[in-house]
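Engineer: Below are the C-alpha cells for one structure; questions will follow.
Residue numbers (my numbering): 1 to 154.
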C-alpha cells in the first residue's frame with residue numbers, strides 16, 4: 001500500500017529527502033504519519049503503528065505495540081488491554097524461544113520465529129499456556145499483511 005503510493009518502501013529516506021510530507025493521505029479513508037523509526041496508519045475504525053526493521057521489515061512487535069493493538073479492539077482482546085499481562089506473556093514467549101529480538105539493530109522489536117528444536121511435550125504444554133498470545137501476535141501480523149505493510153524476511 002505505502003510502496004504503491006510512494007514508489008518506495010524507504011519512507012523515512014523519502015521524508016528525509018523532503019520528497020514526501022511527514023503526514024498525509026494514502027487514500028480517501030486512510031492517512032499516514034511518520035515518526036521516529038516508524039509509521040502510524042490511521043483508518044476510520046483503527047490504527048496500525050509499526051517501526052521499520054532491518055531490510056524493510058514491518059512485522060516486528062513489542063509489548064507496547066501489542067497492548068496498543070489490543071486497545072484498538074478491546075471487545076476482541078480484553079485480556080491484553082492490561083500492559084502487565086502483555087509483558088508477562090511476551091516474556092514467557094521469549095523464554096520459550098518463539099520470538100527473537102533482532103541483534104545489532106537500534107530497535108527493541110521482536111519477530112516470530114520457528115523453534116529450532118522439535119516440540120516435546122513439556123515445550124508443547126508451555127506453548128498451550130501462552131497460545132492466546134500467539135494468536136494475538138498472529139492477528140497483529142496478519143493485520144499488517146492485510147494492509148500491505150508486512151514484508152517477509154529474505
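Every residue gets a Cβ at the ideal spot worked out from N, C-alpha and C, and that includes glycine. Note that the coordinates shown come from a computational prediction; the quantities given were computed from them, not determined experimentally.
Taking Cβ positions, are residue 30 and residue 20 nearer each other than 8 angstroms?
Structural biologist: Contact: no.
Engineer: Alpha carbon to alpha carbon, what distance is there between residue 73 and residue 103?
Structural biologist: Roughly 31 angstroms separates the two Cα atoms.
Engineer: Sort 47, 85, 97 and 65 by Cα distance to residue 108 and report the nearest one.
Structural biologist: Of 47, 85, 97 and 65, the residue nearest in Cα terms is 65.
Engineer: According to DSSP, is residue 65 helix, strand or coil?
Structural biologist: In the structure shown, residue 65 sits in a helix (DSSP, three-state: H, G or I).
Engineer: Got a sec, what are the start and stop residues for the alpha helix (DSSP H) residue 34 sits in?
Structural biologist: Careful: residue 34 lies outside any alpha helix (DSSP H), inside the beta strand (DSSP E) at 30 to 35.
Engineer: Using only alpha-carbon positions, find the residue among 68, 10, 9 and 8 that is nearest to residue 47.
Structural biologist: The option with the nearest alpha carbon to residue 47 is 68.
Engineer: Please state whether DSSP places residue 80 in a helix, a strand or coil.
Structural biologist: Of the three classes helix, strand and coil, the one that applies to residue 80 here is helix, per DSSP.
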